[in-house]
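S.K.: Mind having a look at this structure? Questions to follow.
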Amino acid sequence: MHKRVLAFREFNDRHNADNIYILIERILIEYNLLDKVFDVGFDNASNNTAAIPRLRELCGASTLMSRFFHQRCACHILNLCVQDGLAALGNALEVVKGGIKLIWANTPLKMQWRQYLKERRVNYCVFPKDLSIRWNSTYNLIQVLIRYKEHFPAFLRQTCNYIINPADIDTCEKIVNVLVYFNNATQTFSHVYKPTANEFFVEAVNLAGAFLEFSDAP
């Protein structure tokens with residue numbers, strides 16, 4: 001199995017279905033690939049989805065294969081699911097993120113935090129950046145936070161009068177126990193040099209099991 005980038009084009013037009021279709025059509029004709037397209041993988045944006053019927057017709061997908069012509073990005077679907085889930089958690093996660101942003105934005109405070117840990121013989125670890133386009137950056141952030149669940153709230157209360165309640169930390173610990181399943185699935189689906197479609201069902205079953213396991217959790 002080979003991966004090749006055939007065309008890396010600047011796209012200055014409006015990103016609507018018509019313009020997306022025209023650009024892809026132009027590339028497929030240029031490389032003589034109209035009758036060689038098995039499927040198309042898109043993120044789950046409405047303009048991408050709207051371009052699919054015309055692309056399916058352009059590539060002459062058979063009645064059987066037309067059902068599988070549009071392959072949605074599993075990683076993007078996971079990202080949307082997790083982002084919605086995190087948004088429903090309320091204030092706990094934002095309080096914790098706010099405390100971490102204080103340290104990131106203030107170099108003297110960051111140095112104090114390092115010294116605070118050193119005095120208590122605790123290894124220092126940098127908090128990862130929280131990126132809105134990558135849900136697992138939040139997962140990585142919380143993982144590091146839990147390592148400092150006793151020291152971090154005490155440090156912020158002492159230096160900034162910033163309060164993180166034990167309940168907020170407890171919520172974060174519960175979140176990580178669920179998100180680990182989504183992180184494993186994201187890592188599996190993100191492979192570049194091997195097929196991953198055959199692994200989707202296994203990961204979907206694992207996620208369904210996680211939902212059952214944690215559905216009754218307090």
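Number 218 marks the last residue of the sequence shown (UniProt numbering); no jumps. Positions of the beta carbon are idealized from the N, C-alpha and C atoms, including for glycine.
By the 10 Å Cβ neighbour count, where 16 or more other Cβ atoms means buried, how is C125 classified, buried or exposed?
M.R.: By one-based count along the sequence shown, residue 125 stands at place 125. Label assigned to C125: exposed.
S.K.: Quick check: what's the CA-CA separation for S215 versus V144?
M.R.: In the sequence shown, residue 215 corresponds to position 215, counting from 1. In the sequence shown, residue 144 corresponds to position 144, counting from 1. Cα to Cα, the separation comes out at about 25 Å.
S.K.: Which residues does DSSP pair with G99 in a beta bridge?
M.R.: What you label residue 99 is simply residue 99 of the sequence shown in a count that begins at 1. Note: G99 sits in no beta bridge, so no partner.
S.K.: Which full runs of the alpha helix (DSSP H) of 4+ residues lie inside the region 109–151, going along the chain?
M.R.: If we require 4 residues or more, the alpha helix (DSSP H) runs fully inside the region 109–151 come out as 135–147.
S.K.: Using beta-carbon positions only, say whether E30 and L58 come within less than 8 Å of one another.
M.R.: For this step, residue 30 is matched to residue 30 along the sequence shown. For this step, residue 58 is matched to residue 58 along the sequence shown. No, Cβ-Cβ distance for E30 and L58 is not below 8 Å.
S.K.: By the DSSP assignment, the alpha helix (DSSP H) with L189 in it spans what residues?
M.R.: Counted from its first residue, the sequence shown places residue 189 at position 189. Sequence check: residue 189 is Phe here, not Leu. Its alpha helix (DSSP H) spans residues P166 to F189.
S.K.: Looking at the structure shown, is G41 part of a helix, part of a strand, or coil, going by DSSP?
M.R.: On the sequence shown, position 41 is the one that residue 41 refers to. Looking at G41 - three-state DSSP - the assignment turns out to be strand.
S.K.: Among L131, T171 and T186, which has the Cα closest to the Cα of A88?
M.R.: Position 88 of the sequence shown, counted from the start, is the residue given in the question as residue 88. Comparing Cα-Cα distances from A88 to each of L131, T171 and T186, the minimum goes to T171.
S.K.: For C75, which residues of its own chain have a beta-carbon under 8 Å away from its beta-carbon, when the five flanking residues on both sides are left out?
M.R.: In the sequence shown, counting from the first residue as 1, residue 75 sits at position 75. Contacts found: T186, F189 and S190.
S.K.: Alpha carbon to alpha carbon, how far is A167 from A45? Give it in angstroms, no decimals.
M.R.: Numbered from 1 along the sequence shown, position 45 holds the residue referred to as residue 45. Numbered from 1 along the sequence shown, position 167 holds the residue referred to as residue 167. About 36 Å.
S.K.: Classify P195: buried if its beta carbon has 16 or more other beta carbons within 10 angstroms, exposed otherwise.
M.R.: Looking up residue 195 in the sequence shown gives position 195. Classification of P195: exposed, given that the 10 Å Cβ count is below 16.
S.K.: Can you list, in chain order, the residues of its chain whose CB lies under 7 Å from that of N19, leaving out five sequence neighbours each side?
M.R.: Here residue 19 refers to the residue found at position 19 of the sequence shown. Once the five neighbours on either side are set aside, the close Cβ partners of N19 are D13.
S.K.: Could you pull the DSSP bridge partners for R9 from this structure?
M.R.: Locating residue 9 in the sequence shown gives position 9, counting from the first residue. In the DSSP output, where bridge partners are listed per residue, R9 has none listed.
S.K.: Just verifying my parser: in three-state terms, what is the DSSP assignment at H15?
M.R.: For the purposes of this step, residue 15 is taken as the residue at position 15 of the sequence shown. DSSP places H15 in coil when its eight states are reduced to three.
S.K.: Can you tell me whether Y193 is buried or exposed, with buried defined as 16 or more other CB within 10 angstroms of its CB?
M.R.: Residue numbering aside, residue 193 sits at position 193 when the sequence shown is read from its first letter. Its Cβ having fewer than 16 others within 10 Å, Y193 is exposed.
S.K.: Is it right to say P108 is buried, meaning 16 or more other beta carbons lie within 10 angstroms of its own, or is it exposed?
M.R.: Stepping through the sequence shown from its first residue, residue 108 is reached at position 108. By the 10 Å Cβ count, P108 comes out exposed.
S.K.: Between the Cα of V176 and the Cα atoms of F38, R54 and G85, which residue gives the shortest distance?
M.R.: Indexing the sequence shown from 1 puts residue 176 at position 176. Nearest of F38, R54 and G85 to V176, Cα basis: G85.
S.K.: Count the other CB atoms within 10 Å of the CB of L33; is the residue buried (16 or more) or exposed (fewer)?
M.R.: Taking the first residue of the sequence shown as 1, we reach residue 33 at position 33. With fewer than 16 other Cβ atoms within 10 Å, it is exposed.
S.K.: Out of F38, F8, G209 and E173, which has the shortest C-alpha to C-alpha gap to Y148?
M.R.: Position 148 of the sequence shown holds residue 148. The residue with the shortest Cα to Cα distance from Y148 is E173.
S.K.: Could you round the C-beta distance between P153 and I164 to whole angstroms and report it? I think they count as a contact, below 8 Å.
M.R.: Here residue 153 refers to the residue found at position 153 when the sequence shown is read from its first residue. Here residue 164 refers to the residue found at position 164 when the sequence shown is read from its first residue. With 8 Å as the limit, P153 and I164 qualify as a contact, their Cβ atoms being about 4 Å apart.
S.K.: I'd like to know whether the C-beta atoms of V37 and L28 end up nearer to each other than 8 Å.
M.R.: Taking the sequence shown and counting its residues from 1, the one referred to as residue 37 is at position 37. Taking the sequence shown and counting its residues from 1, the one referred to as residue 28 is at position 28. Cβ atoms of V37 and L28: closer than 8 Å.
S.K.: Could you check whether L117 and P128 sit closer than 8 Å to each other, using their CB atoms as the reference points?
M.R.: Here residue 128 is taken as the residue at index 128 of the sequence shown, counted from 1. Here residue 117 is taken as the residue at index 117 of the sequence shown, counted from 1. Not closer than 8 Å, so no.
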